[in-house]
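> Chains as they are written, first to last, in our numbering: chain A, 2 to 350; chain B, 2 to 350.
Cβ coordinates follow ideal geometry from the N, Cα and C atoms, glycine included.
In this text the structure is predicted, and so the values were computed from the model without any measurement.
Number of protein chains: 2
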Amino acid sequence: MTKLNYSLDEIEAILPHILRRQNIAHYNDGKVYIGNRSLYPFEKSFVECACVEDVAVAIETMVTQGVGPWVAAVHALAMLADLRKNSANIIGELEQAKTRLIQTRPTNTLISYRLEDVLSHAKIAVKDGRDPSQAILLRIDDILDEMYSLYARRAGYGAEIVEYGDGILTMCFAETSFILTCAFAKAQGKNICVYVPETRPFLQGAKLTAPSLDEIGIEVKLITDGMPSALMAEGKIQKYMTAADLITLDGHVVNKVGTFQNAICAAHHNIPYYAFAWGCDPSKSDRASIEIEYRAPSEIRQCMGRYTSLDRINALYPAFDITPPELVAGIITRNGVLSPHDLKDGFEQ
Amino acid sequence: MTKLNYSLDEIEAILPHILRRQNIAHYNDGKVYIGNRSLYPFEKSFVECACVEDVAVAIETMVTQGVGPWVAAVHALAMLADLRKNSANIIGELEQAKTRLIQTRPTNTLISYRLEDVLSHAKIAVKDGRDPSQAILLRIDDILDEMYSLYARRAGYGAEIVEYGDGILTMCFAETSFILTCAFAKAQGKNICVYVPETRPFLQGAKLTAPSLDEIGIEVKLITDGMPSALMAEGKIQKYMTAADLITLDGHVVNKVGTFQNAICAAHHNIPYYAFAWGCDPSKSDRASIEIEYRAPSEIRQCMGRYTSLDRINALYPAFDITPPELVAGIITRNGVLSPHDLKDGFEQ
């Protein structure tokens, strides 16, 4: 019998260390603890934050990534609300903290959206004479409950696509939807092997994806970013699955640079490519609405803090690339697997 | 007026540090000096070898690569012939040294071929009462003269392909034929920019290609191995040019892993791919005659000597990949640019 529904507790128990909600960030006894992804997988540790400024600096120095920045930021508000619960101006202090926390990553609009959300619950609690810190923590739990439920729904659809014996290529760190897809497929008795490109320059594949899959008992092969098509030619890969930083309404997938060339090579070898959605931004209608962020060239001339070339050599770092819909077999959403040509009226509602 | 013919001295003067014949390996006053490519570009230094065993160990520890191993090995024989010129058993000693030097890289058949070649000249010299060391050094000079002349001929054809304003993608370190192609194109007034993938895991692009091109005044952009197709989509790349470790008679190009996926992506963007030949092995008739070497997985889990993932994570390291003829626009040989479908009767004669 194949198990199709998982409780939130079961999901938490399936997930590898780095993706468990406690290990992203949590509040305990006056302090926020942020899981330190910059040392992972070599160390599993937390950055201890005793004030809002500590949390802001931790976010700014890239201690966490993915959903981590907003999860850390809302816990900073819960901490402040607890430590300052007797202040006459508690809402003013929370507003000031919100402003500081938004500054940490001005382009990550989810931080400000989530801070506004939990702050509104704190305001109602204060008006009703309830504990604002408790109100924020309850609201965070509700948001995370919904988020993990949606991860599990997408992963259920993802696992249906996976077949027995599949070699699956991924790219970068496709986070909980993909890790759960692999876990569910394994629980369904599907023996799989995941090929993980290291994902230069920051090595999210080597540092996050490969150890996470290995931790939950999935067979993993780490490769460099130049190897996917060599393995496709050998018949080792049957599916290609990645996250998506953004999916446009006309079906373009924006993701970590390297995703696009794997998609071209997959199409060349008749291997289907699936991307996991995590929400829909209706303002991103087509390719023209996307601006690719170019990061500092110095990041290309280094690996793990060591120089790989001379400082005087020019470099280019487009952080993302764009895969057009004709190379995408399906978008895995909370409502099932959609054609990239069938997103025009929105998706993930 | 475009200059089409270059003397060997002019070529030597055009080349960057690492490719000049003196800097590959040379013999002087009882010692062999091997250019230390493992420290390049951070240091331009030589490994000093006072005996055959020193040279053998240097070759084994990857001090040099490309043509370096055989150039170093034949200079070791010249050194021994000089130091032991009064020995009654000099030919026996040279034969023994040859055996030791072949052991350094048993799969590199060129080492044994070149050692046999220079040794035959030493034997004749001894018989004729001439200095065997001088005979070996003169023979090395002749071989290198021919090699650099052929590089220049191929580069002449390569430069004809290059057009004004081209963005050229390469891969790994395509050595003298490609570096001279860029130099000749520049001398012809063709303004070019070369996009250089770093080429993990050993970073030959970052450490050898980018600094070499920069040294001779060619515009360079260093990128990671995941970026070529993102730049193709932006219209930055007009040609793709690489070396070839081997080209089969039916037009398959064997080269550093990653070459194949760039070729697929180039074809997807209508960008022609050219590979430089360096000789023809008639025993390699087709794809089936090629066996891809798999190297140690541990090399994938490291960069510049630092761990990038956990030691327990499995990895795969196919050292080369195979690009089929339908993705190859032309093979640049000493006799001009040939179609990959037109090599059956041999090439590079």
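Which residues in the same chain as Asp367 of chain A place their Cβ atom closer than 6 Å to its Cβ, once the five residues preceding and following it in sequence are excluded?
This structure leaves residue 367 of chain A out entirely; chain A is present only between 2 and 350.
> What residues in the stretch 237-270 of chain A bring their beta carbon closer than 7 Å to a beta carbon of chain B?
Cβ contacts with chain B: Val258, Gly259, Phe261, Gln262, Ile265, Cys266, His269.
> When the Cα atoms are used, what is the spatial distance from Lys345 of chain A to His270 of chain B?
Between Lys345 of chain A and His270 of chain B, the C-alpha separation is close to 27 Å.
> Output yes or no for whether 8 Å exceeds the beta carbon distance between Ala153 of chain B and Tyr7 of chain B.
Contact flag set, yes.
> Quick one: which chain C residues come within Cβ less than 8 Å of Arg201 of chain A?
The structure shown contains no chain C; its protein chains are A and B.
> By how many angstroms is the C-alpha of Thr243 of chain A removed from the C-alpha of Lys187 of chain A?
If I take the Cα positions, the gap works out to 18 Å.
> Please look up how many angstroms separate the CB atoms of Cys183 of chain A and Leu214 of chain A, rounded, as I've assumed it's under 8 Å.
Between Leu214 of chain A and Cys183 of chain A the Cβ distance is about 6 Å, and since that is below 8 Å, they are a contact.
> Please report whether the beta-carbon of Ala297 of chain A lies at a distance below 8 Å from any beta-carbon of chain B.
No, Ala297 of chain A lies away from the interface with chain B (no Cβ there is under 8 Å from its Cβ).
> Residues of chain B with CB closer than 8 Å to the CB of Lys222 of chain A, please, in chain order.
Near Lys222 of chain A (Cβ distances below 8 Å), the residues of chain B are Asn315, Ala316, Leu317.
> By the three-class DSSP mapping on this structure, what secondary structure does His269 of chain B have?
It is helical.
> Would you verify that the beta carbon of Met2 of chain A is, or is not, closer than 8 Å to some beta carbon of chain B?
Any reading at Met2 of chain A needs caution, since the residue's pLDDT is 42, under 50, leaving its predicted position unreliable; the model's value is listed next. Not an interface residue.
> With 16 other CB atoms within 10 Å as the buried threshold, where does Arg140 of chain B fall?
Classification for Arg140 of chain B: buried.
> Report back the beta-carbon spacing between Val58 of chain A and Ala98 of chain A to the nearest angstrom; my notes put them in contact at under 8 Å.
Their Cβ separation, rounded to whole angstroms, is 13 Å, which puts Val58 of chain A and Ala98 of chain A out of contact at 8 Å.
> Could you tell me the alpha carbon to alpha carbon distance between Glu44 of chain B and Ala211 of chain B, rounded to whole angstroms?
Distance between the alpha carbons of Glu44 of chain B and Ala211 of chain B is about 15 Å.
> Please classify Tyr114 of chain A: is it buried, with 16 or more other beta-carbons within 10 angstroms of its beta-carbon, or exposed?
Exposed, by the Cβ-count rule.
> CB of Arg22 of chain A to nearest heavy atom of the ligand PLP: below 7 Å?
Inclusion of the ligand PLP in the displayed structure is not the case, the ligand content being empty and no account of it being possible.
> When DSSP labels each residue in this structure, what does Glu164 of chain A get in the three-state scheme?
Coil at Glu164 of chain A, not helix or strand.
> What does a CB cutoff of less than 8 Å around Ala234 of chain A pick up in its chain, not counting 5 residues either side in sequence?
Within the same chain, Ala234 of chain A has close Cβ partners His270.
> Any beta carbon from chain A within less than 8 Å of Ala234 of chain B's own beta carbon?
Answer yes: the Cβ-Cβ gap between Ala234 of chain B and chain A drops below 8 Å somewhere.
> Do Gly259 of chain A and Thr200 of chain A come within 8 Å of each other at the CB atom, strictly closer than that value?
Cβ distance < 8 Å, so Thr200 of chain A and Gly259 of chain A count as in contact.
> Identify the continuous beta strand (DSSP E) that holds Cys173 of chain B and give its terminal residues.
Note, Cys173 of chain B: premise wrong, no beta strand (DSSP E); not H, not E.
> Any residues in the stretch 59-75 of chain A with a beta carbon nearer than 9 Å to a beta carbon of chain B? Which ones, in chain order?
If the cut-off is 9 Å between Cβ atoms, the stretch 59-75 of chain A has nothing near chain B.
> Give the DSSP-derived three-state secondary structure of Val119 of chain B in the structure shown.
If DSSP states are grouped into helix, strand and coil, Val119 of chain B belongs with the helices.
> Looking at chain A, is there any beta carbon in it that lies within less than 8 Å of the beta carbon of Ala175 of chain B?
Chain A, which has no Cβ nearer than 8 Å to the Cβ of Ala175 of chain B, makes this no.
> Measuring only the C-alpha atoms, how far is Ala73 of chain B from Ala79 of chain B?
In a straight line, the C-alpha of Ala73 of chain B is about 10 Å away from that of Ala79 of chain B.
> Beta strand (DSSP E) containing Leu339 of chain A: first to last residue?
337-339 is the extent of the beta strand (DSSP E) around Leu339 of chain A.
> By the 10 Å Cβ neighbour count, where 16 or more other Cβ atoms means buried, how is Asn263 of chain A classified, buried or exposed?
Label assigned to Asn263 of chain A: buried.
> How would you call Glu11 of chain A, buried or exposed, if buried means at least 16 neighbouring beta carbons within 10 angstroms?
By the neighbour-count rule (16 or more Cβ atoms within 10 Å), Glu11 of chain A is not buried but exposed.
> What three-state label does DSSP hand Thr200 of chain A in the structure shown?
If DSSP states are grouped into helix, strand and coil, Thr200 of chain A belongs with coil.
> Once DSSP output is grouped into helix, strand and coil, what is the label at Glu235 of chain B?
Coil.
> Output the distance between the C-alpha atoms of Leu209 of chain A and Gly252 of chain A, rounded to the nearest integer angstrom.
Rounded to whole angstroms, Leu209 of chain A to Gly252 of chain A spans 27 Å at the Cα level.
> Is it buried or exposed for Gln350 of chain A, if we count other Cβ within 10 angstroms and need 16 for buried?
The residue in question, Gln350 of chain A, is exposed, as its Cβ has fewer than 16 Cβ neighbours within 10 Å.
> Give me the residue from B:Ile91, B:Ala136, B:Glu292, B:Gly67 with the minimum Cα distance to Arg106 of chain B.
Checked all of B:Ile91, B:Ala136, B:Glu292, B:Gly67; the closest Cα to Arg106 of chain B is B:Gly67.
> Which residue marks the beginning of the alpha helix (DSSP H) containing Asp55 of chain A, and which one marks its end?
It spans 53-61 - the alpha helix (DSSP H) in which Asp55 of chain A sits, taken as one unbroken run.
> Since Arg302 of chain B meets chain A, which of its residues come closer than 8 Å, beta carbon to beta carbon?
Under the 8 Å cutoff, chain A gives Ala207, Leu223.
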